[in-house]
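In the working numbering, the protein residues as written are -15 to 68.
Right, one structure below, let's go through it.
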Amino acid sequence: MSARPLALLWSPLRAFTVLFVSAILLGGLAVAGVCALLVVTLVLNAGGFAFHALVTGTKILAPPVLTAMILTRGLLGFCRPLRA
């Protein structure tokens, strides 16, 4: 007989504990990895959205701004000889 009667019980209990702890750690790492990928995806999508909003805003606002600049320059050029 063995000198330690709890040795037969201790080995499966220790193995189960090690497997349980490693499963918790690996699961936590997996969840952290998924959350990190989700955050990166959201940040990149937000950056892409901001870029597209900037391009669209430029396309919408460029004609009125150019029109205002051309009209202002024309009016200033037309009024300049009157002031001189």
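Beta carbons: idealized from backbone N, C-alpha and C, even for Gly.
Counting only the same chain and skipping the five closest in sequence on each side, list residues whose C-beta sits under 8 Å from that of residue i.
i: Val24; result: none
CA-CA distance, residue i and residue j?
i: Cys19; j: Leu26; result: 11 Å
i: Thr56; j: Gly17; result: 56 Å
i: Val15; j: Leu21; result: 10 Å
i: Met53; j: Thr42; result: 15 Å
i: Leu38; j: Ala(-1); result: 58 Å
i: Leu59; j: Thr51; result: 12 Å
i: Leu3; j: Leu10; result: 10 Å
i: Ile44; j: Phe35; result: 14 Å
i: Phe62; j: Thr40; result: 34 Å
i: Asn29; j: Ala46; result: 25 Å
What does a CB cutoff of less than 7 Å around residue i pick up in its chain, not counting 5 residues either side in sequence?
i: Gly32; result: none
i: Trp(-6); result: none
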